[in-house]
Structures are given as C-alpha cells and as structure tokens.
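What follows is a short report on a single structure.
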Amino acid sequence: EAIELRRWVIGPEGTSQGRRRGLAARLADVASYDAEGAAVIDQARHAATALPSDDWLKRIVQGEPFGPVESLLAAVRAHVYTRSEDGRSGSDAGYGLEAELAEPSGALVEAAMEAAECLDGLLKPLNRLGKRLEAILTDPPDWADGAARARMEGALGSLGWRTNLIAGWLALLSRIGGPADPDFVDWLAVDRYEGREFDVGLHRHWLDPSRPFAQVVLQPAHGVALTSATLRGGGEDWAIAEARSGARHLDFAASRFEAASPFNYGEQAEVLIVTDIKRGDIAGLSAGYSRLIEASQGGALGLFTAIRRLRAVHARIADRLARASLPLYAQHVDPIDTGTLIDIFRDDVHASLLGTDALRDGVDVPGHSLRCVVMEQVPWPRPTILHRARKAAGGGGSFDDRLIRARLAQAFGRLIRSKDDHGHFIVLSSAFPSRLLSAFPNGTPVTRLTLDEALQRVSKGVFGNERMSGDELARSGEGPDSA
36 EAIELRRWVI GPEGTSQGRR RGLAARLADV ASYDAEGAAV IDQARHAATA
86 LPSDDWLKRI VQGEPFGPVE SLLAAVRAHV YTRSEDGRSG SDAGYGLEAE
136 LAEPSGALVE AAMEAAECLD GLLKPLNRLG KRLEAILTDP PDWADGAARA
186 RMEGALGSLG WRTNLIAGWL ALLSRIGGPA DPDFVDWLAV DRYEGREFDV
236 GLHRHWLDPS RPFAQVVLQP AHGVALTSAT LRGGGEDWAI AEARSGARHL
286 DFAASRFEAA SPFNYGEQAE VLIVTDIKRG DIAGLSAGYS RLIEASQGGA
336 LGLFTAIRRL RAVHARIADR LARASLPLYA QHVDPIDTGT LIDIFRDDVH
386 ASLLGTDALR DGVDVPGHSL RCVVMEQVPW PRPTILHRAR KAAGGGGSFD
436 DRLIRARLAQ AFGRLIRSKD DHGHFIVLSS AFPSRLLSAF PNGTPVTRLT
486 LDEALQRVSK GVFGNERMSG DELARSGEGP DSA
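First residue of the sequence shown? That's 36 in the working numbering, and the numbers climb one at a time after it.
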C-alpha cells in the first residue's frame with residue numbers, strides 16, 4: 036500500500052513505464068497555471084520520496100532499509116520473527132507469520148515515531164492540495180475549462196481516499212508503545228508463500244466490522260433491505276442476524292421478515308459425510324475427488340480451505356480426468372479469472388471446477404452443470420490474531436460454530452439454485468460434529484458413510500435416480516442414447 040501511494044503521488048520513476056500518472060501529470064493544469072497548487076504538489080512529491088520504492092523488501096532482508104518507512108517495516112519484520120511462535124519453532128515455514136502488537140521493542144517504537152513524522156509530512160500538503168482544488172472549483176479561473184474541472188473533481192475524490200488512508204496509518208502508529216484501542220485489532224505480519232516473503236506490514240481491523248457499516252451505510256440511508264438465506268445462521272435467533280447486519284448499532288429497531296424456502300431439499304439434495312479419508316492424506320483426498328468426479332460424470336464443484344491442497348489435488352487428478360474426457364479447471368492454477376472459469380464450468384455439463392472461498396460464496400450455476408459439491412473438510416477458521424480477538428468478543432466456541440455453519444450453508448447453497456436442481460453435497464472428513472448439521476436446511480437427508488458407499492449414491496444420482504426423468508437426462512447429454 037505504501038508503494039502504491041508513492042506511485043500515485045510521484046508517478047513512474049527512473050526507467051519504469053506504465054499508464055500510472057503522478058499528481059503533476061494528473062493535475063497538469065494546476066501545476067502549470069496555479070502557483071499555490073504547483074507548490075503543494077511539489078511538496079507532496081518530495082515528501083512521498085520517503086515511502087518505500089522498488090526492491091524495498093530486498094533491502095530490508097539485507098538489513099539496508101532506505102528511509103523511515105522502510106526502517107519501520109524492517110523493525111516490524113524483526114519483531115514478528117522474534118515474537119511469532121512459528122518464527123521461533125520454524126514450523127509451517129511456507130505460511131505467513133504474525134505477532135501481536137504488544138510490548139514493542141524500543142527500536143520498533145522509535146521507528147514508528149520517525150515513520151509517523153514522515154507520513155504527517157505527506158498528509159499536510161495533500162490536505163492543502165485538496166483545499167486548493169476546492170477553491171479553484173468554487174471560483175474557476177479562465178484556464179479551468181470543463182475538461183480541467185473534470186480532472187480536478189476526479190482528483191479530489193481519490194485525494195480524499197488517500198488522505199483518509201494516511202490518517203488511519205498515523206492512528207495505528209500512534210498506538211505503538213501506547214494504549215490499545217478496544218474497537219480495533221492490531222497486529223504485525225510477514226506474508227509468505229511457499230517460504231518466500233512477499234510483504235511486511237502493520238494491520239488494523241475493526242473488532243466488529245458491522246459498526247462502521249451501520250454508521251456509514253445504514254444510518255444515513257432512507258431505507259435498507261438486507262436479505263440472505265443464511266442471515267440467521269441456521270437457527271431461529273434474530274440476534275445473530277442483527278449482529279451480522281449491523282442493525283444492533285442503530286438507534287431504532289429493524290423490521291424483520293422471513294419466507295419459507297421454495298425448494299424441497301428432502302427430494303432435491305442429500306448430504307454425504309465420507310468418514311474413511313484421513314486428515315492430511317493427500318493421496319486419499321485426491322483419489323476421493325477423482326472417483327467422485329468420475330461417478331458424477333463431471334458437474335462437480337470442489338471446495339478447498341487451502342490453496343496448497345487445491346494445487347496438490349489438481350496435480351494428481353487432472354490427467355486421469357482428462358483421459359476420461361472430464362475437463363477440470365481450478366482457481367489458482369489456470370491463468371483465467373474466476374468469472375470466466377465459472378462461465379466455462381456452466382457451459383459444459385462434464386466439466387468440474389476446484390476453488391476456494393470465492394467459489395464457495397459467489398457461484399450461481401443453476402441446472403445440471405452443477406450436481407455435486409465436494410468439500411475437502413469442515414471449514415474450520417484459522418486461529419489468526421484477528422480471529423482469536425473476535426472469538427473472545429463473540430462468545431468463544433459458539434462464535435466458531437456460527438462461522439462454520441455460515442460457511443457450510445453458503446457452500447450448500449451453491450447446489451440447489453432452482454426447483455429443478457438435484458445433487459449431492461459431500462464432505463470428505465470424518466471430523467464433522469453433529470452440532471454443525473443445523474447449517475443445512477430442514478429436511479435435508481444427512482448420511483455418514485464410506486467413500487465406496489458415497490460413490491454408489493452419486494452414480495445412482497447421475498445414471499438411474501428416479502428423481503430425474505429420461506427426458507431430463509437426455510436434455511443434459513447424459514441419456515442412454517447420447518453420443
């Protein structure tokens with residue numbers, strides 16, 4: 036984010052090329068014809084040179100940070116490796132590290148103070164530039180034609196976003212060495228992928244994100260309608276819905292409305308919990324996915340909680356499915372955007388698609404193209420610093436259960452999108468607590484069984500299920516007379 040801010044203010048530097056323009060180019064009229072505006076643009080450009088530039092991470096790793104913000108990031112990195120349990124033990128080296136912002140070292144506090152001074156030096160000219168643009172727009176000079184005013188209005192919007200961002204950074208830096216803000220969760224992190232570092236940062240999130248949503252979106256609105264099939268978390272308690280939506284932060288009571296589902300889940304869907312695939316057994320997990328996709332003759336959506344496992348399974352099963360004329364696509368593997376992957380999957384009833392959270396929460400594929408959803412395991416939340424803080428504030432174990440039920444309900448919702456849809460929802464994990472079964476709609480049959488038994492049910496659903504007529508199978512290309 037700091038590099039992005041530098042590029043937004045300064046523009047291309049050195050031999051770098053690109054469409055991104057700095058403030059001077061974006062506001063060329065102001066820089067050329069308005070002395071006061073040109074002066075604050077120059078001040079902002081000079082102040083932005085203290086932000087990280089290209090190869091910043093390489094310099095930090097080598098112990099040669101340049102400027103106060105890079106020095107701060109170097110201190111953050113050192114703090115994380117010193118305090119992080121994973122950093123001390125060396126376990127799970129492929130994943131990112133994080134550490135709480137508690138008892139910071141003197142070096143970190145000093146670096147934060149110097150970085151704050153640098154950021155404040157950038158914020159002041161940006162604020163003055165915003166005021167100058169407003170003054171020019173209020174009383175435009177002769178050179179401010181329609182195109183120039185449009186450019187200034189556009190710059191004002193993006194300028195306000197950047198000044199708010201810097202103000203947030205300053206608030207976070209002022210917390211280092213001082214008291215914590217109970218409304219926020221702060222932590223430090225080193226982001227890594229397969230053992231390679233790619234980012235270092237200070238993070239701040241709202242403890243309850245529904246509070247700013249209520250303040251910024253709900254409170255000023257004349258009226259807001261919030262709808263979701265999973266808003267109440269699979270129960271009858273409207274308090275969960277009000278907490279998720281931010282309604283509990285309003286000064287008035289929200290109206291409530293509920294409608295019964297139009298789907299007959301007892302006839303249209305079945306939940307199968309496969310109990311004989313061991314956790315961590317990639318070979319067994321891959322075999323389960325390939326055999327289930329073959330049994331359903333495609334039309335499967337595979338959902339994973341980790342990109343690494345998705346790629347490992349895809350590498351093991353792609354060739355086998357290709358030989359069976361069953362196309363397999365995958366997020367984080369195929370160099371295609373998610374929307375296009377979904378379109379390809381939707382258009383081919385024999386295709387299958389593997390993905391992570393974005394597919395679990397946002398796929399709409401009605402019809403026979405999606406007839407089997409396979410989850411690699413129960414979507415347990417990762418015990419991050421942010422999650423632990425929200426869990427402590429949200430009721431402990433019950434918070435985790437609500438979160439898991441919501442994820443399961445969202446995943447199950449991919450399967451039945453119309454009254455004519457049928458299919459199986461399969462979880463490849465024996466560690467599925469019965470208390471989480473309330474995530475599924477009332478009347479949905481749930482069976483714990485072995486993989487072989489699940490294969491028989493899936494095969495029957497595709498080739499001989501009495502719920503699908505011969506005409507329906509023929510229209511989908513699965514009938515006995517299809518080529």
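By construction, the Cβ of each residue, glycine as well, lies at the ideal position given by its N, Cα and C atoms.
For the pair of segments examined, the segment 255-269 was found not to touch the segment 415-429: the number of CB pairs separated by less than 8 Å stays below three. Along the length of the segment 266-319, whole alpha helix (DSSP H) runs at least 4 residues long occupy 273-280, 300-303, reported in chain order. Counting C-beta pairs closer than 8 Å gives three or more between the segment 481-489 and the segment 310-322, which meets the contact rule.
Residues of the same chain with a CB within less than 8 Å of the CB of Glu152, apart from the 5 flanking positions on each side, are Pro103 in chain order. With distances taken between CA atoms, Arg381 lies nearest to Gly402 out of His367, Leu394, Gly402, Leu389. For Arg118, the closest of Glu105, Leu107, Phe101, Glu138 by C-alpha to C-alpha distance is Glu138. The alpha carbon of Tyr116 has as its nearest neighbour, out of Glu305, Asn299, Lys495, Gly236, the alpha carbon of Gly236.
Selection Ala282, Met187, Ile451, Asp226 evaluated against Ala170 yields Met187 as nearest (Cα-Cα). Take Asp396, set aside five residues on each side of it, and the residues of its chain with a beta-carbon closer than 7 Å to its own are Gln445, in chain order. When C-alpha distances from Gly195 are compared across Leu161, Arg358, Glu48, Val493, the shortest belongs to Leu161. Relative to Phe287, the option among Pro297, Ser296, Gly258 whose CA is nearest is Gly258. For Leu338, the enclosing beta strand (DSSP E) begins and ends at 335-338. Within the model, the alpha-carbon separation for Leu86 versus Gly281 is close to 36 Å. Ile201 and Ser106 have their C-alpha atoms spaced approximately 17 Å apart. In the three-state reduction of the DSSP assignment, Glu188 falls in the helix class, which pools H, G and I. Contact check for Leu285 and Ile461: beta-carbon distance about 41 Å, past the 8 Å limit, so the pair fails to qualify. When C-beta atoms of the segment 329-340 are compared with those of the segment 382-389, three or more pairs fall below 8 Å, so the two segments count as touching. Secondary-structure assignment with DSSP links Thr482 through a beta bridge to Leu307. For the pair of segments examined, the segment 229-246 was found not to touch the segment 172-180: the number of CB pairs separated by less than 8 Å stays below three.
Cβ atoms of Ala190 and Leu168 come within 8 Å of each other, at about 7 Å.
Buried is the label assigned to Phe475, since at least 16 other Cβ atoms lie within 10 Å of its Cβ. Trp222: member of the beta strand (DSSP E) spanning 219-228, first to last residue.
In the structure shown, Asp77 adopts helical secondary structure according to DSSP, grouped into three states. For Phe434, the enclosing alpha helix (DSSP H) stretches over residues 432-448. Between Leu361 and Glu329, the beta carbon gap of about 7 Å places them in contact (Cβ cut-off 8 Å). The DSSP assignment places complete beta strand (DSSP E) segments of no fewer than 3 residues inside the segment 363-415 at 363-365, 387-390, 407-410, in order along the chain.
The three-state reading of DSSP puts Ala134 in strand, counting E and B together.
Only exposed fits Arg470, as fewer than 16 other CB atoms lie within 10 angstroms of its CB. Here the segment 76-83 makes contact with the segment 56-68; the two share three or more CB pairs at distances below 8 Å. Taking Phe339 as reference, the option from Trp241, Phe434, Arg425, Leu443 with the minimal CA-CA separation is Leu443.
Cβ contact annotation for Arg163 (same chain, cutoff 7 Å, sequence separation greater than five): Val75, in chain order. With contacts defined by Cβ atoms closer than 8 Å, Val398 and Ile420 do not form a contacting pair. Phe292 is classed as exposed because its beta carbon has fewer than 16 other beta carbons within 10 Å across all chains shown.
In this structure, Arg425 is the residue among Phe101, Arg425, Ala146 with its C-alpha nearest to the C-alpha of Pro217. Counting only runs of at least 3 residues, the segment 147-182 fully encloses no beta strand (DSSP E) element at all. Cβ neighbours of Glu149 within its own chain (closer than 6 Å, five residues either side excluded): Pro103.
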